[in-house]
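Numbering (this note's numbering), first residue to last: 812 to 874.
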């Protein structure tokens with residue numbers, strides 16, 4: 812969920828929802844400018860901030 816801290820998330824919301832110009836100004840501007848480090852940062856573990864969601868367990872015959 813590191814992508815939630817990205818300025819591009821805010822920019823995408825601005826372009827689609829707020830100004831509705833559908834013309835976001837991404838940073839980096841093109842996919843060719845995205846580095847391996849950029850991608851790794853988005854998928855890096857969050858440590859203590861990790862949500863840690865687990866699937867619920869079922870007991871008995873629930874439907």
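In this text, a Cβ means the ideal position worked out from N, Cα and C, and glycines have one as well.
In its chain, beyond the 5 residues on either side, no residue has a beta carbon closer than 7 Å to the beta carbon of residue 824. If you look at residue 851, you'll find it in the alpha helix (DSSP H) that goes 847 to 853. A direct Cα-Cα distance of roughly 15 Å separates residue 818 from residue 834. CA-to-CA, the gap between residue 826 and residue 832 works out to about 5 Å.
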